[in-house]
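Here's the structure, in C-alpha cells; my notes come after.
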Amino acid sequence: RNNAEKFEFQAEVSRLMDILINSLYSNKDIFLRELISNASDALDKIRFLSLTDKEVLGEGDNTKLEIQIKLDKEKKILYIRDRGIGMTKEDLIKNLGTIAKSGTSAFVEKVQSSGDLNLIGQFGVGFYSVYLVADYVEVISKHNDDKQYVWESKADGAFAISEDTWNEPIGRGTEIRLHLREEAGEYLEESKLKDLVKKYSEFINFPIYIWASKEVDVEVPSDEDEEEEKTETSSSEEEETEKSEDEDEDSEKKPKTKTVKETTYEWELLNDVKAIWLRNPKEVTEEEYTKFYQTLAKDFSDEKPLAWSHFTAEGDVEFKAVLFVPPKAPQDLYESYYNTNKSNLKLYVRRVFISDEFDELLPKYLSFLKGLVDSDTLPLNVSREMLQQHNSLKTIKKKLIRKALDMIRKIAEEDPDESTDKDKKDVEKSSDDDEKKGQYTKFWNEFGKSIKLGIIEDAANRNRLAKLLRFESTKSDGKLTSLDQYISRMKSGQKDIFYITGTNKEQLEKSPFLERLKKKNYEVIFFTDPVDEYLMQYLMDYEDKKFQNVSKEGLKLGKDSKDKELKESFKELTKWWKGTLASENVDDVKISNRLADTPCVVVTSKYGWSANMERIMQSQTL
Ligand code: ADP
Ligand code: MG
74 RNNAEKFEFQ AEVSRLMDIL INSLYSNKDI FLRELISNAS DALDKIRFLS
124 LTDKEVLGEG DNTKLEIQIK LDKEKKILYI RDRGIGMTKE DLIKNLGTIA
174 KSGTSAFVEK VQSSGDLNLI GQFGVGFYSV YLVADYVEVI SKHNDDKQYV
224 WESKADGAFA ISEDTWNEPI GRGTEIRLHL REEAGEYLEE SKLKDLVKKY
274 SEFINFPIYI WASKEVDVEV PSDEDEEEEK TETSSSEEEE TEKSEDEDED
324 SEKKPKTKTV KETTYEWELL NDVKAIWLRN PKEVTEEEYT KFYQTLAKDF
374 SDEKPLAWSH FTAEGDVEFK AVLFVPPKAP QDLYESYYNT NKSNLKLYVR
424 RVFISDEFDE LLPKYLSFLK GLVDSDTLPL NVSREMLQQH NSLKTIKKKL
474 IRKALDMIRK IAEEDPDEST DKDKKDVEKS SDDDEKKGQY TKFWNEFGKS
524 IKLGIIEDAA NRNRLAKLLR FESTKSDGKL TSLDQYISRM KSGQKDIFYI
574 TGTNKEQLEK SPFLERLKKK NYEVIFFTDP VDEYLMQYLM DYEDKKFQNV
624 SKEGLKLGKD SKDKELKESF KELTKWWKGT LASENVDDVK ISNRLADTPC
674 VVVTSKYGWS ANMERIMQSQ TL
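Remember, UniProt numbering sits 73 above the position in the sequence shown when you count from 1.
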C-alpha cells in the first residue's frame, strides 16, 4: 500500500513470532481467549473513561460495549471486533511491536524448550498467539483521539501501519482480521468457536456475539408439477385454511407456496454476563471458581488454584471479594519484589472495572494473590487518583489481609499431612483428603518467602503470620514443621525456642553449636534461607517464648550446679586468652555449657550479626 509505514519488530517479539508461526503446538485454541481478553480489557478502559466523561462513548452502535466474532469461510478470514478504547497510531506501534513486561525473555526461552503456551497471557504477549493459526493478520483500530489505522504483518519480522482509507469506518474500537492458515480450517466452524468461547471466556464481563448461521423454514412459490405432492402435506393444508378467504374468488390464481430450508445470519449471544462474585458462594461450583481464576489470572495451566476465599464484607465499608492462591508463583515474584509494587487484585466499583494497579488493596508481601474486589461504598465518578486516597481503602485492605491469612491457614488445616498423628486418630478420612494432601507443603514451597517477608513488614499480623511459618528442625525428620508443633515438643523447663542459621541443613547438622543441645534432646530449628536472618530480627517471640540463636551469646540450657566452680577454676586461662587475642577481634572469653565434644567455639554477641549474616552481607556488597 502506498501510504504504509514499515516497522521492525523488537528482536524479542520477532523471535516469539517465529516460534509461534512454526509451532507444532497442538493447543492452538488459545489465540481466541487472548483476543477476547484483549477486547475485554479495551472495553473496560472505555467504560472507565465514560464514568467521568459520557461523551467518550459516542452514540448509536458505538455505545454498545460488546465483542463480536464473525467468519468468512470463502476468504478464510476470522474477524474479532470490540467497541473498546481502540488504539492510536502510536499505540499500535508501541503495543503491537514491542514488549513492555519484564520476564518475557525468560518466557520465550521456556516456550522454545517446553512448547507450553498456557501462560502466554501473563507475559503481555498474548496478542501474538494469533500467529498460531494465521499467517497474515490485520488490526484495524480507531481511537477517539486519532484516525482509523490498519496494522498488518505476515510475521516476517516487520509490520506496516497505514491510515485506513479503504475499509468501512469502524466507529471506535478494534477489529482483528485473521487470515487463517490452511491447516487452521477448524476455526472457520461456528461450532468450534462457540465451544471455545464457552470453554475459555465464560467469565468475560461483556457480551460476546457470534455471527451465526441459522436454518429457517421459508415459503417460496412452488412449481406447478410439485403442487400435487404438496397438497398432501399437512403444512400446505394449513396454508390453505389460512388463506381460505381468498379461495372462493379465484383459487386457480392463488400463488402456491412450498417450505424450504434457507440459511440466515444473526448475532447470537454466547455468554451470560454474570458477575460470579455477586452470587452466593454456596451456589458456585469448584469448577466455576477454577475457570474464573483462569480468566482473572490469565493462567490456563491445568493446575487448580491452591485455595480461594469468596466473601462479603458488611459495615461501614461494603464490598464483595474473591481471593485466590495461584498454584504456582511467577518466576520473578521475588526478583522484582522490591522494585514493583503491583498487587494483582482487580478493583471494581459497583460492577465497573476501575483498575488492576491499586497497590493500596494489599500489602506487598501478599501481592502473589490474585482476585477481585467490588465495592459499593467507593465513589464511581472520581478519578483513579482520588479513589486511591479514599479512606475506605484502608478498611478494605485490613479486611482483605485478614481473609487472605485465614484462607492460607485453612490450606494447612485441611491438609492431612499437616496434622500430627495425635490429631489424626479421631478424624475420619474424608473423600477430599487426597486432594488436600500435601497442599500446604506446596503452598510453602511456592510462597513461603512471602510469609517471611510478611513477618518482617507487617507488625500487626506478625503472630498470625508466624503461625503459618514452616521449617525443618533437628527433630522434624526431613519434613516441615511449625512453631506450634515445636512448642508441643518442648522439654519441660525449656523456656526458649532454639534455632540456628546457615546456608544448608547438612552443614548445620554438623555444627558444634548443636552438640550439647542434641545430647540433651533439645529441638533446634534450621533456618537456611538468607531472608531468615532478617526474619529473626523481627520475630522476637512466639506464644510468650523467646527465640534463641544457639550460635549467639546468652544460650541457657537450665542451671548447672558446676557452672560457678568451673568458671573459678578456669579464671586464669580465660583471662590469659582474652589478653592474648586483640580486643578488636573478640569481646570476651567465657566458660560455657553449650558444647559437648568440641573444646571451644567462636560465638556471636547477643546483638551482633551471626556468622551466617556476615556471610550474607558480604555476598550482597560484592
Ligand atoms: P496484554 O494484554 O497482556 O497487555 P497482549 O499482547 O495481549 O498483552 O496485548 C498487548 C497490548 O496491545 C495490550 O496491552 C493493549 O494495549 C493492546 N491491545 C491489544 N488488543 C487490543 C484491543 N482489542 N483494543 C485495544 N488495545 C489492544
Ligand atoms: Mg492480552
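No residue lacks a Cβ here, since even glycine has one placed at the ideal position from N, Cα and C.
Residue i to residue j span [Cα, whole Å]
| i | j | result |
| --- | --- | --- |
| S87 | F200 | 13 angstroms |
| R543 | K146 | 58 angstroms |
| F571 | E596 | 7 angstroms |
| V390 | K471 | 11 angstroms |
| S175 | Q185 | 17 angstroms |
| E687 | K568 | 28 angstroms |
| I277 | A228 | 29 angstroms |
| D289 | S264 | In the sequence under discussion, the amino acid at residue 289 is Val, which differs from the Asp named in the question. Approximately 18 angstroms between the Cα atoms of the pair. |
| L439 | L105 | 31 angstroms |
| F80 | D164 | 13 angstroms |
| K515 | D490 | 11 angstroms |
| L630 | L581 | 19 angstroms |
| I689 | V604 | 9 angstroms |
| N518 | Y559 | 20 angstroms |
| Q221 | P280 | 24 angstroms |
| L266 | T337 | 18 angstroms |
| W340 | L269 | 17 angstroms |
Helix, strand or coil at residue i [DSSP, three-state]
| i | result |
| --- | --- |
| V86 | helix |
| K619 | strand |
| E225 | strand |
| A669 | coil |
| V676 | coil |
| I92 | helix |
| S692 | helix |
| I166 | helix |
| L473 | helix |
| K316 | In this prediction, K316 scores a pLDDT of 49, lower than 50, which makes its location untrustworthy; no coordinate-derived value is stated. |
| I664 | coil |
| P280 | coil |
| R482 | helix |
| residue 781 | Only positions 74 to 695 of the chain appear in the structure, and residue 781 is not among them; the question remains open. |
| A207 | strand |
| G527 | helix |
| F646 | Here the sequence assigns Leu to residue 646, which means Phe is not the residue at that position. In the structure shown, L646 sits in a helix (DSSP, three-state: H, G or I). |
| A179 | helix |
| T468 | helix |
| K174 | coil |
| K583 | coil |
| S186 | helix |
| L435 | coil |
| G199 | helix |
| K331 | strand |
Closer than 7 angstroms: residue i CB and nearest the ligand ADP heavy atom
| i | result |
| --- | --- |
| A228 | no |
| M686 | no |
| F200 | yes |
| E107 | yes |
| A115 | yes |
| residue 696 | There is simply no residue 696 to check, as the chain begins at 74 and stops at 695 in what is shown. |
| D155 | yes |
| T576 | no |
From the options, residue whose alpha carbon lies closest to that of residue i
| i | options | result |
| --- | --- | --- |
| E545 | S565, G521, Q567, N534 | G521 |
| F586 | V675, T647, D557, I243 | V675 |
| L253 | I234, V210, K578, Q221 | V210 |
| G133 | I150, R156, A115 | R156 |
| K287 | S374, K334, R535 | K334 |
| L612 | L630, K593, K663, L526 | L526 |
| M609 | F600, D617, S692 | F600 |
| E360 | K377, K347, V346, K118 | K377 |
| K619 | N658, L108, R589, M563 | M563 |
| K347 | V425, K329, P403, A370 | V425 |
| Q512 | L628, N536, M480, R535 | M480 |
| E259 | G170, I150, A233 | I150 |
Contact test: residue i Cβ vs the ligand MG heavy atom, cutoff 7 angstroms
| i | result |
| --- | --- |
| S110 | yes |
| E430 | no |
| G170 | no |
| G194 | yes |
Any non-hydrogen atom of the ligand GDP closer than 7 angstroms to residue i Cβ
| i | result |
| --- | --- |
| G159 | No copy of the ligand GDP appears in this structure; the ligands present are the ligand ADP and the ligand MG. |
* **Entirely enclosed beta strand (DSSP E) segments - the stretch 355-432, minimum 3 residues** => Runs of the beta strand (DSSP E) inside the stretch 355-432: 380-386, 392-398, 418-422, 425-428.
* To do: Pick out the complete beta strand (DSSP E) segments inside the stretch 95-169, 3 residues or longer, and give them in chain order.
  => Entirely contained in the stretch 95-169, the beta strand (DSSP E) runs reaching 3 residues are, in chain order, 140-145, 150-155.
* **Length at least 4, wholly inside the stretch 238-284: the alpha helix (DSSP H) runs in chain order** => Under the rule that a run must span 4 or more residues, the alpha helix (DSSP H) segments found entirely inside the stretch 238-284 read 263-273.
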